[in-house]
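Asks: Protein chains in written order, with the numbering used here: chain A, 1000 to 1314; chain B, 7 to 273. Each residue gets a CB set at the ideal place from its N, CA and C atoms; glycine is no exception. Starting off with a structure, shown below.
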Amino acid sequence: MRVSFGRSSMGLDALIKAQNLTKRYDDFLAVDSISFEVFKGECCGFLGPNGAGKTTTIKMIHCVLPLTAGSLIVSGLDVSKRQREIKKMVGVAPQEDNLDPDFTVLHNLLVYARYFDIPKSEALKRSDELLKFFQLGEKRNVIIDQLSTGMKRRLILARALINEPQILLLDEPTTGLDPQARHLIWDRIRSLKKQGVTIILTTHYMDEASELCDRTLIMDNGIIIEEGKPADLVRKHVGEDVLEVDYGDEVMKDLQEKFPDARLEVIGDRIRVFTSQPHGVFESFLKDFPTKGAAIRNANLEDVFLKLTGRRLRE
Amino acid sequence: MKSSRRIATVFSLPNLTYRVWKVWLRNLDVFMKTYKVNFFPPLLEPIFYLVALGYGLGTLVQNIQGLPYINFIAPALIAISMMNSSFFECTYGSFVRMYFQKTFDAIIATPVSIEEVIAGELVWGATRSLISSSIVLGVVAAFGLVTSPLFLLIPLVAFLTGLMFSAIAMCFTSLAPNIDFFNYPAFLLITPMFLLSGTFFPLTDLPGFIQIFAKAFLPLTHAVSLTRALTIGNLESSLLISLIWIAAATPVFFILSINLMKRKLIK
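Here it is in structure tokens:
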């Protein structure tokens, strides 16, 4: 699927440009000829069910997975040829915890800085700043095993920033964290964006994507099925308001009559009514039909996601 | 055609830079953090062997090639420690770092390449061999069993032998579907070498075909010959074959193991 190139005409440069990017394992097509651009300074979200090809795409961007076909240019450099230069300017926070369990918090950062040829004194300075930034200052001499999941996540993010990257790749940065830790990480991601870091983020949390991403790409089965600003996607696919009502045959019939254009979805014992009509369309229904358990809420990205990728469980 | 290309890729020269040392340094950092645990086995193990086999069993054994039994086995203990430390470092040790700790994944997200990670692991394995065998050498010397100044060359043999065993080990690691797999090479390769490489009795006591087999396929045989000659100061021309065997096998396995690991990790 082609994506809009409108933003580049507004003077924004494509920092990452993929054309017909493909990754095939023996008989499995993980990424199926996708084309996309990521612009300088934006936060771009890759959404999709498990196995959609998000992580594979991320790994090709930071040069640890070779492409099967297509081209992928990061900051003007070809990922198949200029790997070291690309890796120097990219920071990666992987899904899995791959911190060094034998080292302390600080030592993890110092050893990682060494891989980038950062001199020791500079590495110490940056580590102190990063630990403060992620509220890990008090843990600097603690062994990794003694950290909570949230602390490990923050340390992985701090580590991803040790080389002062222009591009930050965050693969499910808040999976498994408590709300406090999530909000702290969101806050830090926003502040990095303000500093001009280009961010690519994968997530299963649609609220996270709406909160952080300027633009989202929705992937499924190795292809990009939709692309756009979160708010635009919501408006385009699920409208502004969603009506939720407890299921009943009577109610169902009534809804169908009242909203012939609407899409009715029955999930468990609830009916969800989606419509392209503007805000306020359900107010009168609610007044005429004071059913218990009826509510109007804002349409959100999760509605879009489920509409586009279906409700079938993956993997 | 296809298979010849396959063979060509497993022997293609890796592109290595100074970054190999960054991986080596990472392992050294871990080693120094746990140095107490790391120093004790190579310190204590040879003492047990020398006391039990050297003094104990040795009283029942006649001189071998003009040497008291304890003098005969002492250099073998040094060579065995080269093999064990490097082989187990690059099987169990590397597998844990690769599979359980995901350390390799973390490193290749930086400018360090996968080839450099594996080369760093191999050089580190060789370093483990150097450290362990030097400790054993110290113990052997303390027992008064080093009788030639040529012993100063043993660390060189240790590094080269260690590099060879690391590379052989890494080939197994590239094939290992899980960590239990290493029971096979440990039992089918390391144990026979431990016993049949001229370690605790001379190779010449064995049937001819086993002697040939040991010299051709059990690299520890050559490490033992070299170490024994340097410990007691008895240089013979046959040592040249041992040196050539190790010097030839090391680069072959070094390159092979890097390419096999690359194939396993980068798909």
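The beta strand (DSSP E) with A:Thr1021 in it runs from where to where?
Replies: Segment Ala1013 to Tyr1024, the beta strand (DSSP E) holding A:Thr1021.
Asks: Is the Cβ of A:Glu1282 closer than 8 Å to any Cβ of chain B?
Replies: It does not; no Cβ of chain B falls within 8 Å.
Asks: Going by beta-carbon coordinates alone, are A:Gly1090 and A:Thr1197 separated by less than 8 Å?
Replies: Not closer than 8 Å, so no.
Asks: Flag A:Lys1124 as yes if its beta-carbon sits less than 8 Å from any beta-carbon of chain B, otherwise no.
Replies: Not one chain B Cβ lies under 8 Å of A:Lys1124.
Asks: Is the separation between the beta-carbon of A:Leu1156 and that of A:His1061 shorter than 8 Å?
Replies: In this structure, A:His1061 does not lie closer than 8 Å to A:Leu1156 by Cβ.
Asks: Where does A:Ser1034 fall in DSSP's three states?
Replies: In this structure, A:Ser1034 counts as strand in the three-state DSSP scheme.
Asks: For the alpha helix (DSSP H) holding A:Asn1107, just list the boundary residues, first then last.
Replies: From DSSP, the alpha helix (DSSP H) with A:Asn1107 extends over Val1104 to Tyr1114.
Asks: Determine, using beta carbons only, whether B:Lys108 comes closer than 8 Å to chain A.
Replies: Yes, its Cβ sits closer than 8 Å to a Cβ of chain A.
Asks: For A:Phe1045, decide whether its Cβ has a neighbour in chain D, counting only Cβ atoms nearer than 8 Å.
Replies: Of the chains in the structure shown, none is chain D; the protein chains are A and B.
Asks: Distance, Cα to Cα, B:Phe78 vs B:Thr227?
Replies: B:Phe78 and B:Thr227: Cα-Cα distance of roughly 14 Å.
Asks: Going by the CB atoms, is the gap between B:Thr15 and B:Asn265 shorter than 8 Å?
Replies: Yes, the pair counts as a contact, with Cβ atoms nearer than the cut-off.
Asks: Return no unless some Cβ of chain B is closer than 8 Å to the Cβ of A:Val1104.
Replies: No, A:Val1104 does not count as interfacial toward chain B.
Asks: Measuring CB atoms only, is the segment 125-134 of chain B touching the segment 170-179 of chain B, in the sense that at least three cross pairs come out at less than 8 Å?
Replies: Judged by Cβ distances under 8 Å, the segment 125-134 of chain B makes contact with the segment 170-179 of chain B, as three or more pairs qualify.
Asks: To the nearest angstrom, report how far apart A:Glu1095 and A:Gly1050 are at their CA atoms.
Replies: Going from the Cα of A:Glu1095 to the Cα of A:Gly1050 covers about 16 Å.
Asks: Do the segment 1024-1034 of chain A and the segment 1055-1073 of chain A touch if we need at least three Cβ pairs shorter than 8 Å?
Replies: Yes, they touch.
Asks: Going along chain A, which residues have a C-beta under 7 Å from B:Arg32?
Replies: Within 7 Å Cβ-Cβ: Val1110.
Asks: So B:Arg234 and B:Pro48 are supposed to be a Cβ contact under 8 Å. How far apart are they, rounded?
Replies: Not quite, the Cβ-Cβ distance comes to about 18 Å (not below 8 Å), so this is no contact.
Asks: Evaluate contact between the segment 1136-1144 of chain A and the segment 1113-1123 of chain A, counting only Cβ atoms and requiring at least three cross-stretch pairs below 8 Å.
Replies: At 8 Å Cβ cutoff, the stretches do not touch.
Asks: Report yes or no: do the segment 148-167 of chain B and the segment 97-114 of chain B share at least 3 C-beta pairs separated by less than 8 Å?
Replies: No: the two stretches stay apart, fewer than three of their Cβ pairs being nearer than 8 Å.
Asks: For A:Asn1140, which residues in chain B fall below 8 Å Cβ to Cβ?
Replies: The premise fails here: A:Asn1140 is roughly 13 Å from chain B at the closest Cβ pair, so nothing lies under 8 Å.
Asks: Could you spell out the range, first to last residue, of the beta strand (DSSP E) harbouring A:Leu1167?
Replies: Per DSSP, A:Leu1167 belongs to the beta strand (DSSP E) from Ile1166 to Asp1170.
Asks: Give me the Cβ distance between A:Val1057 and A:Leu1108, rounded to the nearest whole Å; I'm assuming they're in contact under 8 Å.
Replies: Note on residue identity: the sequence assigns Ile, not Val, to residue 1057 of chain A. Rounded, the Cβ-Cβ distance is 22 Å, inconsistent with contact.
Asks: Using the three-state DSSP reduction, which class does A:Glu1239 fall into: helix, strand or coil?
Replies: Three-state DSSP puts A:Glu1239 in coil, outside helix and strand.
Asks: Assuming A:Asn1097 contacts B:Ala112 under a Cβ cut-off of 8 Å, what Cβ separation, rounded to an integer in Å, is found between them?
Replies: Indeed, because the Cβ distance is near 4 Å, the residues count as touching under 8 Å.
Asks: May I ask whether a heavy atom of the ligand FAD can be found less than 7 Å away from the beta carbon of A:Glu1095?
Replies: For the structure depicted, the ligand FAD is absent and the ligand set is empty, with no information on it obtainable.
Asks: Which residues share a DSSP beta bridge with A:Ile1072?
Replies: In DSSP, A:Ile1072 forms a bridge with A:Lys1016 and A:Asp1077.
Asks: Cβ of B:Glu127 within 8 Å of Cβ of B:Met89?
Replies: Contact flag unset, no.
Asks: Under 8 Å, do B:Val146 and B:Leu83 count as touching if we go by C-beta distance?
Replies: Yes, Cβ-Cβ distance for B:Val146 and B:Leu83 is below 8 Å.
Asks: Whose CA, out of A:Phe1035, A:Asp1231 and A:Thr1103, lies closest to the CA of A:Glu1137?
Replies: When only C-alpha atoms are compared, the closest one is A:Thr1103.
Asks: Name the chain A residues whose beta carbon is nearer than 7 Å to that of B:Val36?
Replies: Those are Asp1101, listed as they occur along chain A.
Asks: Is DSSP giving A:Glu1163 helix, strand or coil here?
Replies: Coil.
Asks: Would you kindly work out how many angstroms separate the C-alpha atoms of A:Leu1307 and A:Leu1154, rounded to a whole number?
Replies: Answer to the nearest angstrom: the Cα atoms are 35 Å apart.
Asks: Kindly confirm or deny that the segment 1211-1218 of chain A and the segment 1226-1239 of chain A touch, where touching means at least three C-beta pairs closer than 8 Å.
Replies: With the cut-off at 8 Å, the segment 1211-1218 of chain A and the segment 1226-1239 of chain A touch.
Asks: In this structure, does DSSP put A:Glu1210 in helix, strand or coil?
Replies: Three-state DSSP puts A:Glu1210 in a helix.
Asks: From what residue to what residue does the alpha helix (DSSP H) around B:Arg6 run?
Replies: Since the first and last residues shown for chain B are 7 and 273, residue 6 of chain B lies out of range.
Asks: If you scan the segment 93-168 of chain B from start to end, which runs of the alpha helix (DSSP H) of 4 or more residues do you find wholly inside it?
Replies: Within the segment 93-168 of chain B, the complete alpha helix (DSSP H) runs of at least 4 residues are 109-114 and 120-148.
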